[in-house]
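Here the protein sequences line up with chains Z and H, keeping their order. Quick note: to get our numbering, add 91 to the position in the first sequence (first position is 1). Quick note: to get our numbering, add 9 to the position in the second sequence (first position is 1).
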Amino acid sequence: MAEESFLADEFLRQLMSVGEVDLLIGIPSYNNATTLGQTLQSVEESLRQNFVRERAVILNVDGGSADETRQIFVQSSDRRDVAHKGLTSLRTIHRISCEYDRSPSQGIALRNVVAAADLLRAKACAVVSPATANLTPSWVANLLRPVYREGLDFVAPLYVRSRFQGLLARDLLYPVSRAVFGQRIRELYSDEWGFSGRLASRCLEKDVWHEDAVRARPEAWMAITAAGAGLRCGQYFLGPKSAAPPGTGPDIVEAIRQTVGNFFWCMETNQAQWMTRSNSQPVATFGPDHELSLDGIPPSPEKIFDLFRSGVGELEPILASILTQDTHAQIKAIALSDRAKFRFAPELWVTTLYEFAASYHHAVLNRDHLVQALVPLYRGRLYSFLLENANTSAEAMEAQSEILCQEFERRKPYLVERWTAKS
Amino acid sequence: MKEVVLQGLRQAYGNLVHMFAEFLPRMLVMLVIVGIGLLVAYALKMILRAVLHVTRLDRLSEEAGASRFLRMAALPSMTELLSRSLFWVTWLGFILIGISVLGVAGLQEQISRLFLLLPAIFVAILILFLGLVTANFTSRAALLAAVNAGYPSPKLLSWSIRFVIWALAVSMALEQVGVARQTVIAAFSIVFGAFMFGMALAFGLGGKDLAREFLERNLTEKKKEKFHEPQPL
């Protein structure tokens, strides 16, 4: 048992007292005292309603919360059977809480969850976040069911999105991940996902948990590991995901460092998996594979354009070392264009991203710095997107997104060429 | 008279033979030491080169921006530079030991002084290299952070950080080799003090509106008016 070396004695004792389980729900937390109660209620209700006969454990892995997160988890278990009415689970729903570190890390939290899943021989697992304001019992069931009943190994969520929400995922992460790894998983980076015990054991064996990329955002790596091992991936439509209040959650720089940095790292460590692959395949999808809502006010894009233009000017030497001369010249040219007529064309965006990925591989400069240098260019692309889609219908936006995905797939040989070129 | 001259010549010849008899073995010892030194230095160079290849120092140097400076100065890669330096330092050490075996009175003192200076020079070069790498890395990190956060004059900030670290590294290296120690410390204090004073004046007087705006934005209720980009994920 590899996990013995890092699991705390008390945590191991709790796990051993549980025995084997069918389902495991991991709740990573860090200062979530205000929302954890609601999350727990949803998880328990889901288990009571949908998995009456299954043995289940709810595992809270805390990153050293300064508030009362852990106490709330422990105390709520004392009064759990008093509040609910109606259908009751025939099995005891166990609860375990552990503190893994003095600093929060999704990767370390997940490592504890997969180690517990491996030890308890869980068949299906789900990770849910207490930060998700509108987590419902059906979400938990929909992440567990395809794994437990349909034999899938990784289940990503699908959400209803407002037109201007999740643009990093829609304009960068989904198209590039689809083109590179050939799996049409839309929400590769999310706060909720499901996975099998089999995948948990495979992930636990990997010696990558110390990597910054995995410590920050482990979920995409898990999906890529599943695909690489020939395991089945899918996605489940969960419904609308409420937008985080402005100013909360990671800002654009942090989000790009965590997700794009993680994705480039996954490309680097899984080269054999994607180099020869062409085109993409749909994955098992439960419910509609996308839904855009027209609500949401378009954000004011002027400041975004200013940040793009100043970024291209100030970072010129850095961009020159990452991009080819031609691509850099094109970006400098559009940065000087009239803001009302500005357009960051999909072709240029694809070329830019592929050259960034190849430069990451060749380590032309510190990799974290390289990823940060992408931020101004993403802002340029974002501004162009907002300008073009201020009054566009959801269908038209989806059609544009599909064109971008196809462009990424069509240009993949260019990525391979740059990737394999001698630096 | 003739006898005296012959005796003098015989004595001179005897001294010469005696000198050669004493010097030649020392010379031979010196040559052996230099030869062994060459082999040891070559072996150390190969070992260090292999170790540095395994630890991927060149990639690290490339990432930190140090390789770019080496290329600009027409120097080889970091691995090659360090392994060649070790070769020469080691062999030079052996050559100096060999020369000291010759027993030439005037050279002894100079050699021992040079020996004392060698580690200091090596440490000074190391300090300069680390200073260069740190300055590049930190100034680039500051530039990226300032540009992405939309702060004004990011290049000024980046160059200021680079300058301070360079100045610190150069003064530390000079102090290490003992070159005009007092002057270096005084010069560094003056330059650093003047720089910080100039920055304070520039920010306080030249940029008082900017300073006010900065403080208001960060310390008062206006902080809530911060620009928010669309939710990325």
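Here a beta-carbon is modelled for each residue, glycine too, at the ideal position from N, C-alpha and C. Treat the numbers as computed from the prediction; the structure is a model and nothing was measured.
- Secondary structure of Z:Ala217 (DSSP, three-state): strand.
- Z:Arg252 carries a strand assignment under DSSP once its states are collapsed to helix, strand and coil.
- Look at the segment 431 to 459 of chain Z: the residues with a C-beta under 8 Å from a C-beta of chain H are Ala454, Val455, Leu456, Asn457, Arg458.
- Proximity of chain H to Z:Tyr280 at the Cβ level (cut-off 7 Å) is accounted for by Leu242, in chain order.
- For the 8 Å CB-CB criterion, Z:Ala215 and Z:Tyr239 form a contact.
- Inter-residue distance for Z:Arg293 and Z:Ala147 is about 21 Å (C-alpha atoms, whole angstroms).
- With respect to chain H, the C-beta atom of Z:Ile395 has a partner C-beta closer than 8 Å.
- Contact between the segment 435 to 454 of chain Z and the segment 494 to 501 of chain Z is present, with at least three C-beta pairs closer than 8 Å.
- Taking H:Ile45 as the centre and dropping the five residues before and after it, the same chain places the C-beta of Phe103 closer than 8 Å to its C-beta, in chain order.
- Z:Met358 sits away from Z:Val466, with the two beta carbons spaced by 8 Å or more.
- Taking a C-beta cut-off of 7 Å against chain H, the contacting residues of the segment 239 to 266 of chain Z are Phe255, Gln256, Gly257, Leu258, Leu259, Ala260, listed in chain order.
- Residue contact check for H:Phe146 against chain Z: a CB pair falls below 8 Å.
- In the DSSP assignment, Z:Leu234 falls within the alpha helix (DSSP H) that extends over 228 to 239.
- Closer than 8 Å to the CB of Z:Pro467 there is at least one CB belonging to chain H.
- One Cα belongs to H:Leu153, the other to H:Tyr160, and the distance between them is close to 10 Å.
- Segment contact: the segment 188 to 208 of chain Z against the segment 151 to 170 of chain Z, three or more CB-CB distances shorter than 8 Å; contact assigned.
- Your pair Z:Arg212 and Z:Glu111 checks out as a contact, with CB atoms roughly 5 Å apart and the cut at 8 Å.
- Look at Z:His301 here: in three-state DSSP terms it is coil, with no helix or strand label.
- Considering only H:Leu53, H:Glu238, H:Val41, H:Val179, the residue with the shortest C-alpha distance to H:Val132 is H:Val179.
- Among the residues of chain Z, none has a CB under 8 Å from the CB of H:Ala75; the nearest is roughly 11 Å distant.
- Non-local beta-carbon contacts of Z:Ser333 in its own chain, meaning distances under 6 Å to residues more than five positions away in sequence, involve Ala224, Asn225 in chain order.
- Only Arg68, Glu71 from the segment 57 to 71 of chain H bring a Cβ to less than 8 Å from some Cβ of chain Z.
- The residues Val109, Val148, in chain order, have a CB closer than 6 Å to that of Z:His185 in the same chain once the five nearest residues on each side in sequence are set aside.
- In the structure shown, Z:Glu382 adopts extended strand secondary structure according to DSSP, grouped into three states.
- DSSP places Z:Glu190 in the strand class (E or B) of the three-state scheme.
- According to the DSSP assignment, H:Val188 belongs to no alpha helix (DSSP H), since it is labelled neither H nor E.
- H:Gly23 sits in a helix when the DSSP states are folded into three classes.
- Looking at the DSSP output, Z:Phe328 shares a beta bridge with Z:Leu249.
- Counting along the chain, Z:Val462 sits inside no beta strand (DSSP E); it lies in the alpha helix (DSSP H) bounded by residues 458 to 463.
- Within chain Z, the residues whose beta carbon sits less than 7 Å from that of H:Ala150 are His460, listed in sequence order.
- Of the residues assessed, H:Phe29 falls on the exposed side of the cut-off, its CB having fewer than 16 other CB atoms within 10 angstroms.
- In its chain, beyond the 5 residues on either side, Ala50, Leu53, Lys54, Leu57 have a beta carbon closer than 8 Å to the beta carbon of H:Leu95.
- Membership of Z:Gly117 in the beta strand (DSSP E) is indicated by the continuous run 114 to 120.
- In the displayed model, Z:Asp429 falls within coil according to three-state DSSP, outside both helix and strand.
- Not one beta carbon of chain Z lies nearer than 8 Å to the beta carbon of H:Leu141.
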